[in-house]
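A.B. asks: Residue numbers (my numbering), protein chains in the order written: chain V, 59 to 521; chain R, 874 to 1154.
Here it is, the structure, as structure tokens.
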């Protein structure tokens, strides 16, 4: 019978309207929609959906509580496994995680687990009392370097276990990519801060403006009384293409473009003092989620024509299908099988065009993706006045360079045991993008939780 | 959360103000040549400022700022007792201090402030330190006494001749060389045009010259590349690879172009904002 109820679509702002504002695109379920959607869940005895969730949220349990209208109880259930549900309900690629394992998806549409998670978390933020119970202190102290998704998830679980937790964050607010990277229209910053405040209520101390590697080091933290350290410094080093003209005016790394807009609220300039400049014709290089965010942000800042420029085809695009779809609805062009080889500027040093080549797909490479091959003689000029480079990020070396004895791989990522996330340095654990390279928020959170469990274990055996 | 309180404010020249700020954790670690990033209040930008002085016992950092736009104007209006919301540092690579022999420290305009701790550290390392201080005109020449206290010799140059020798830093350098000094290395900090002129000149003389770049920055920790500078054939991030570079390799034309990127917005901010009120909180 559950199959007969259609999956509830997410109410969204009209594309024509939302392309010009920074308000959240997806509006969220109403109570009625949430209850109806929750009733679609078959309450499987062996819920496969849970195995698709990197933090193994008690999915059927919380959905049952939603179906019964007990939204606050559902929030408690959710938070047992997930410290940041309002964030995950918004930014997880559910189609390749929990929802991909939902039994209903075999013949029809899976239960909208992500939308229900978001509904419950938002409901709690609005109507719930924070019931952060403080556990008995163990007397042990853990330093967490980096206040992004992995660090925050690790901090939440360690605090629940009664350990004293301090998060060291280089920027002026914690949240990492949730604050500087993912735009307001996908993830309102107020939501992130509410979730971080809940962590603080659990006793997590967050020290902003503290750049580990400069103001202190991992060794100094250990010497000053921390019993263990978790490194979750992410993949914050922007890659450039390495082609001529990349230092021209109007050429941004996606990190700079998004940090100015999101973290510094450049979209509210001059009320907020940080400027952001976007021209009429924008090219965003790359086709991951960061590229989609850059392109959609450009539109909202007033660009007239925004293109995603990507050397492979649609099929190989790393972005979530939903993000690419939203971008397309808003009017972003996709210039696929295309890549720039040089940028050109005017006499004042402003970027004005790119020389591009057309590509075709060749044989699959080592990673299994078909590799792009340039077509000889296919050069053409593309007029642009802003370029956002979103071709990926590497590990920022500030912490790793200042930590002797920490084993790194060739790319500069920290080598950590896949089961325990222990590094080559005793008492030092690492997880998230600094270990895996740039991945997803929820994988980083999963790594943070995993590290918290093994740090807890380590502390029990440490006197 | 710390309170980065202004414990001393001193007007050094029209539009140039010195602030001594309580920031014990930064003061414990900072070295000559490094910088901090400050944010005055919730709606402010993050601005990089090279450290002028530090006192590890008092736990303070001294910065000097010139009113050149909306944000710097707001900061200049801060009073003793008010606080910065954010004060991040120390950032960047410290100056490479060793005993070179005879060194020349050139400060131009506001650049005299960041040259001060470098001159002091070089002197403490046993160098014979000759400082050349330059400004457009006499009343813009700052920190003369402080520089005299950390230099073996001081030469003053002004564009209009209202103080010291009329001319530029190169004029001062000529004087020193004419006296027979063998200069091993030069530090030059000041406006981009001054550093470019000095670097062009010393290249012809074959004297190693280090400059401190002041590009636009956002985070100051290497995550965005706003501060990129071309040094030789390489692109470097001034916040983590610098701010000091070999002046003979820096592409100053590009650096100047990039510095002017937000000129229109800066004017808009100034027109929109009500600078003139007391800043800080």
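A virtual CB, placed ideally from N, CA and C, is assigned to each residue, including glycine.
Exposed or buried, residue 884 of chain R, counting other C-beta atoms within 10 Å across all chains shown (16 or more means buried)?
C.D. replies: exposed
A.B. asks: Measure the C-alpha to C-alpha separation of residue 1095 of chain R and residue 311 of chain V and round it to an integer number of angstroms.
C.D. replies: 11 Å
A.B. asks: Taking the runs of the beta strand (DSSP E) that are 3 residues or longer, which of them lie wholly in the stretch 253 to 319 of chain V?
C.D. replies: 263 to 265, 286 to 289, 309 to 311
A.B. asks: Using a Cβ-Cβ cut-off of 6 Å (strictly less than) and excluding sequence neighbours within five positions of residue 986 of chain R, which residues of its own chain qualify?
C.D. replies: 925, 937
A.B. asks: Which residue comes first and which comes last in the beta strand (DSSP E) that contains residue 1065 of chain R?
C.D. replies: Element bounds for residue 1065 of chain R: not the beta strand (DSSP E) but the alpha helix (DSSP H), 1065 to 1078.
A.B. asks: Hey, is residue 1125 of chain R's beta-carbon within less than 7 Å of any beta-carbon in chain V?
C.D. replies: Closer than 7 Å: no.
A.B. asks: What's the C-alpha gap between residue 991 of chain R and residue 981 of chain R?
C.D. replies: 14 Å
A.B. asks: Excluding the five sequence neighbours on either side, which residues of its own chain have a C-beta within less than 8 Å of the C-beta of residue 60 of chain V, listed in chain order?
C.D. replies: For residue 60 of chain V, the predicted structure reports a pLDDT of 49, less than 50, and the residue's modelled location is therefore unreliable. A value from the coordinates is still provided. The answer, listed in chain order, is 97, 98, 99, 100, 162.
A.B. asks: Tell me whether residue 1022 of chain R sits in a helix, a strand or coil according to DSSP, three-state version.
C.D. replies: helix
A.B. asks: Counting along the chain, where does the beta strand (DSSP E) carrying residue 970 of chain R start and finish?
C.D. replies: Element bounds for residue 970 of chain R: n/a, residue is neither H nor E.
A.B. asks: Can you find the residues in the same chain that come closer than 6 Å, C-beta to C-beta, to residue 344 of chain V, ignoring five residues on each side of it along the sequence?
C.D. replies: 448, 449
A.B. asks: If you reduce the DSSP assignment to three classes, tell me which class residue 946 of chain R lands in.
C.D. replies: Helix at residue 946 of chain R.
A.B. asks: Name, please, each residue of chain V whose Cβ falls closer than 7 Å to the Cβ of residue 1095 of chain R.
C.D. replies: 295, 454, 456
A.B. asks: Are residue 111 of chain V and residue 160 of chain V touching if we call contact CB-CB under 7 Å?
C.D. replies: No.
A.B. asks: Taking the straight line between their C-alpha atoms, what separation do you get for residue 416 of chain V and residue 422 of chain V?
C.D. replies: Looking at the two C-alpha atoms, the distance is approximately 18 Å.
A.B. asks: Applying a beta-carbon distance threshold of less than 8 Å, which residues of chain R neighbour residue 516 of chain V?
C.D. replies: Taking a Cβ-Cβ threshold of 8 Å, none of the residues of chain R is close to residue 516 of chain V; the smallest such distance is about 28 Å.
A.B. asks: Can you find the residues in the same chain that come closer than 7 Å, C-beta to C-beta, to residue 1069 of chain R, ignoring five residues on each side of it along the sequence?
C.D. replies: 1125, listed in sequence order.
A.B. asks: Please compile the residues from chain V whose C-beta is within a distance smaller than 8 Å of the C-beta of residue 1119 of chain R.
C.D. replies: None at all; the shortest Cβ gap to chain V is about 18 Å.
A.B. asks: Taking residue 927 of chain R as the query, report the chain V residues whose CB atoms sit under 9 Å from its CB, ordered along the chain.
C.D. replies: Residues of chain V passing the Cβ test: none, with the nearest at roughly 13 Å.
A.B. asks: Under a CB-based cut-off of 7 Å, is residue 415 of chain V close to chain R?
C.D. replies: no
A.B. asks: Does the beta carbon of residue 228 of chain V come closer than 7 Å to any beta carbon on chain R?
C.D. replies: yes
A.B. asks: Between residue 914 of chain R and chain V, is any beta-carbon pair separated by less than 7 Å?
C.D. replies: no
A.B. asks: Going along chain R in order, which residues have a C-beta closer than 7 Å to the C-beta of residue 318 of chain V?
C.D. replies: 1091
A.B. asks: Reducing DSSP to helix, strand and coil, say where residue 359 of chain V ends up.
C.D. replies: Three-state result, residue 359 of chain V: coil.
A.B. asks: Pull up the DSSP beta-bridge partners for residue 1085 of chain R, would you.
C.D. replies: R:1117
A.B. asks: Assuming residue 388 of chain V contacts residue 131 of chain V under a Cβ cut-off of 8 Å, what Cβ separation, rounded to an integer in Å, is found between them?
C.D. replies: With 8 Å as the limit, residue 388 of chain V and residue 131 of chain V do not qualify as a contact, their Cβ atoms being about 38 Å apart.
A.B. asks: Which residue's Cα is closest to the Cα of residue 235 of chain V: R:1032, R:1053, R:1022, R:1097?
C.D. replies: The residue among R:1032, R:1053, R:1022, R:1097 with its C-alpha nearest the C-alpha of residue 235 of chain V is R:1097.
A.B. asks: Three or more beta-carbon pairs under 8 Å between the stretch 375 to 385 of chain V and the stretch 148 to 155 of chain V, yes or no?
C.D. replies: With the cut-off at 8 Å, the stretch 375 to 385 of chain V and the stretch 148 to 155 of chain V touch.
A.B. asks: Any heavy atom of the ligand NAP closer than 6 Å to the Cβ of residue 1052 of chain R?
C.D. replies: Only the bare structure without any ligand can be found here, which leaves the ligand NAP out of the picture.
A.B. asks: State whether the stretch 218 to 236 of chain V contacts the stretch 953 to 966 of chain R, with contact taken as three or more CB pairs (one from each stretch) at a distance under 8 Å.
C.D. replies: yes
A.B. asks: Residue ranges of each beta strand (DSSP E) run of no fewer than 3 residues wholly in the stretch 207 to 240 of chain V, ordered along the chain?
C.D. replies: 222 to 226
A.B. asks: On the DSSP letters alone, give me the boundaries of the beta strand (DSSP E) that residue 384 of chain V sits inside.
C.D. replies: It is not in any beta strand (DSSP E) - residue 384 of chain V instead sits in the alpha helix (DSSP H) that spans 379 to 387.
A.B. asks: Measure from the C-beta of residue 1138 of chain R to each C-beta in chain V and report whether the shortest distance is under 7 Å.
C.D. replies: Residue 1138 of chain R counts as touching chain V.
A.B. asks: Looking at chain A, which residues of the stretch 939 to 965 of chain R have a Cβ within less than 9 Å of any of its Cβ atoms?
C.D. replies: The structure shown contains no chain A; its protein chains are V and R.
A.B. asks: Residue 415 of chain V bridges to which residues according to DSSP?
C.D. replies: V:397
A.B. asks: Whose C-beta lies closer than 6 Å to the C-beta of residue 346 of chain V among residues of the same chain, with five residues either side of it excluded?
C.D. replies: 376, 377
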